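What follows is a single structure, written as structure tokens, with notes after it.
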Amino acid sequence: MADLILRDLVKAYDKTEVLHSINLAVEDGEFVVFVGPSGCGKSTTLRMIAGLEEVTSGVIEIGGTVVNNLEPKDRDIAMVFQNYAIYPHMSVRKNIGFGLRSSKASKPEKEKRIEEVATLLGMTDLLDRKPSQLSGGQRQRVAIGRAMVRDPAVFLFDEPLSNLDAQLRTQMRLEIKKLHQRVGSTIVFVTHDQVEAMTMADRIVIMKDGHIQQVGTPADVYHKPANTFVATFIGAPAMNMIAGKVTGDGAVSLATGGTLHLAKPLPEGREIIIGIRPEDFVAGDPRRVLEGPVTVREPLGHETLIYVGTSEGDVIAKADGRNPPQIGEAVSLGAHPDNIHVFDARTGETLR
Ligand code: ADP
Ligand code: MG
């Protein structure tokens, strides 16, 4: 195991810079998830850590050693990809053992190591099966086993669950998380799925256009988003965003005339964006912010999400699970001041 440091990491293809000065310190044993939309630079970052992509400038350190000029095989990392290639003609034992092909360990040592990994993955009964005799989740575990068998300092995962169906994805998410709790290895995991990031990470790194937007625990990035991008990327359905301006008495007037009060006053005249999560925008709350008729209802059982056509456009709010308002019924929506996020209208940065 080891820590991992990225210092002023830059990647350019020809003259086009796609990663701009990435700085991050991953602690020994930490599970860090990179998340962001397609094309934001997640795979490029991971491939540079693995040594599959040349570094344009900056430094990568693994366990205190600068690895910029080391071959992938000398970096003590293991990578699991989206299209994990396990060999159909080889048994599970051989597939896992494939991870040790360049190891100098003796045959009995290798056998022992394969057994250990199979035990950790709960696959000891499956060692002599062929991949065709396994479920999708078991095959995925073989791919992870092949990475684990070398006991690398750092695991790198590039969207390893994207090809699995929804149920299997949820199951594998849990398995990888449990595995991390048991083995305690350093993991850098890449995904475009914010739920995957929220559920698995110790810390999330949110990227956009080759820049890190925010690094924080799942609770940090959800409750204290650094800017409007993070605020709307994390959480589903997305946070409602409403333009406003701070008035003389410290309240906020919305473009279409409503007013609301902030937990912390801001200077008069400031143009801001108000962010309220659907679950914090409550039908019937006395601190009225907006109102309008219900246009769509999405029952979730414990609560019902309602789409409300307001003067500021459609917003999503939470209503009672058992007695939600009817379609067409006018509702008034309010929020606790502590649950109102405030961003600068020009920069999109948080003002809290
Ligand atoms: P992500 O994994 O977040 O979807 P990538 O890291 O694959 O994104 O890509 C980041 C950016 O780098 C994208 O704009 C992509 O088009 C560009 N890119 C990736 N690989 C190459 C390449 N070999 N040549 C030129 N541009 C590339
Ligand atoms: Mg990618």
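In the numbering used here, the protein residues as written are 1367 to 1718. For every residue, glycine included, the Cβ atom is placed at its ideal position computed from N, Cα and C. Note that the structure is a prediction, hence the values are computed from the model and not measured.
**Report entry** From 1609, 1596 and 1590, residue whose alpha carbon lies closest to that of residue 1574
**Finding:** 1596
Query - Rounded distance between the beta-carbons of residue 1466 and residue 1515, thought under 8 Å - result: With 8 Å as the limit, residue 1515 and residue 1466 qualify as a contact, their Cβ atoms being about 6 Å apart.
Query raised in the report: From residue 1697 to residue 1396, what distance separates their C-alpha atoms?
Result: 45 Å
Requested in this report: Tell me whether residue 1471 sits in a helix, a strand or coil according to DSSP, three-state version.
Outcome: coil
Query raised in the report: Is residue 1384 near the ligand ADP, in the sense that its beta carbon is under 7 Å from a heavy atom of that ligand?
Result: At least one heavy atom of the ligand ADP is found less than 7 Å from the C-beta of residue 1384.
**Report entry** Every unbroken alpha helix (DSSP H) within the region 1530 to 1593, with a cutoff of 4 residues, ordered by chain
**Finding:** 1532 to 1549, 1560 to 1566 and 1584 to 1589
Report task. Check whether the Cβ atoms of residue 1421 and residue 1375 sit closer than 8 Å, and answer yes or no. Result -> Against a cut-off of 8 Å, the Cβ pair of residue 1375 and residue 1421 comes out as a contact.
Query raised in the report: Of all the alpha helix (DSSP H) runs that stay within the bounds of the region 1401 to 1478, which reach a length of 4 or more residues?
Result: If one requires a minimum length of 4 residues, the alpha helix (DSSP H) runs lying completely within the region 1401 to 1478 are 1408 to 1416 and 1458 to 1463, in chain order.
Query - Beta-carbon proximity list for residue 1537, same chain, < 7 Å, skipping 5 on both sides - result: 1503
Query raised in the report: Going by the C-beta, is residue 1528 closer than 7 Å to any heavy atom of the ligand MG?
Result: Taking 7 Å as the cut-off, one finds no heavy atom of the ligand MG near enough to the beta carbon of residue 1528.
Query raised in the report: Cα separation between residue 1424 and residue 1387?
Result: 8 Å
Report task. Give the range of the alpha helix (DSSP H) segment to which residue 1701 is assigned. Result -> Per DSSP, residue 1701 belongs to no alpha helix (DSSP H) and is neither H nor E.
Report task. Report yes if the CB atom of residue 1655 is closer than 8 Å to the CB atom of residue 1700, and no otherwise. Result -> yes
Requested in this report: Starting from the C-beta of residue 1384, find all residues in its chain whose C-beta is less than 8 Å away, skip the five residues before and the five after it, and write them out in chain order.
Outcome: Same-chain partners within the cutoff: 1377, 1378, 1407, 1410 and 1576.
Query - Where residue 1664 falls: helix, strand or coil (DSSP) - result: Correct three-state label for residue 1664: strand.
Query - Residue range of the unbroken beta strand (DSSP E) whose run includes residue 1708 - result: 1707 to 1710
Report task. Answer yes or no: do residue 1683 and residue 1649 have a C-beta to C-beta separation smaller than 8 Å? Result -> yes
Query raised in the report: Can you tell which of 1678, 1535, 1621 and 1630 has the C-alpha that lies nearest to the C-alpha of residue 1637?
Result: The candidate whose alpha carbon is nearest that of residue 1637 is 1621.
Query - Beta-carbon gap between residue 1669 and residue 1686 smaller than 8 Å - result: yes
Report task. Answer yes or no: do residue 1612 and residue 1641 have a C-beta to C-beta separation smaller than 8 Å? Result -> no
Query - Inter-residue spacing [alpha-carbon to alpha-carbon] between residue 1705 and residue 1644 - result: 10 Å
Report task. Give a single yes or no on whether residue 1408 has its beta carbon closer than 7 Å to a heavy atom of the ligand MG. Result -> yes
Query raised in the report: Thinking C-alpha only, which one of 1560, 1629, 1662 and 1370 is nearest residue 1430?
Result: 1370
Query raised in the report: Cβ of residue 1647 within 8 Å of Cβ of residue 1689?
Result: Contact flag unset, no.
Query raised in the report: Where do the ends of the beta strand (DSSP E) carrying residue 1514 lie?
Result: Careful: residue 1514 lies outside any beta strand (DSSP E), inside the alpha helix (DSSP H) at 1502 to 1514.
Query raised in the report: In whole angstroms, what separates the C-alpha of residue 1591 from that of residue 1630?
Result: If you take the alpha carbons of residue 1591 and residue 1630, they lie about 17 Å apart.
Requested in this report: Put residue 1647 into one of helix, strand or coil per three-state DSSP.
Outcome: Three-state result, residue 1647: coil.
Query raised in the report: Is the region 1548 to 1565 in contact with the region 1397 to 1404, if contact means three or more CB pairs nearer than 8 Å?
Result: yes
Query raised in the report: Roughly how many angstroms lie between the CA atoms of residue 1532 and residue 1633, to the nearest whole one?
Result: 47 Å
Query - Residues of its chain near residue 1658, where Cβ-Cβ distance is below 6 Å and the 5 sequence neighbours each way are ignored - result: 1674, 1675 and 1676
Report task. Flag residue 1525 as yes when its Cβ comes closer than 7 Å to any non-hydrogen atom of the ligand MG, and as no otherwise. Result -> Residue 1525: yes, Cβ under 7 Å from the ligand MG.
Requested in this report: Measuring alpha carbon to alpha carbon, tell me which of 1473, 1678, 1389 and 1462 ends up nearest residue 1623.
Outcome: 1678
Requested in this report: With hydrogens ignored, establish whether the beta-carbon of residue 1405 is closer than 7 Å to any heavy atom of the ligand NAD.
Outcome: This structure simply doesn't include the ligand NAD; it includes the ligand ADP and the ligand MG instead.
Query raised in the report: On the three-pair Cβ rule with 8 Å, is the region 1520 to 1530 touching the region 1488 to 1506?
Result: yes
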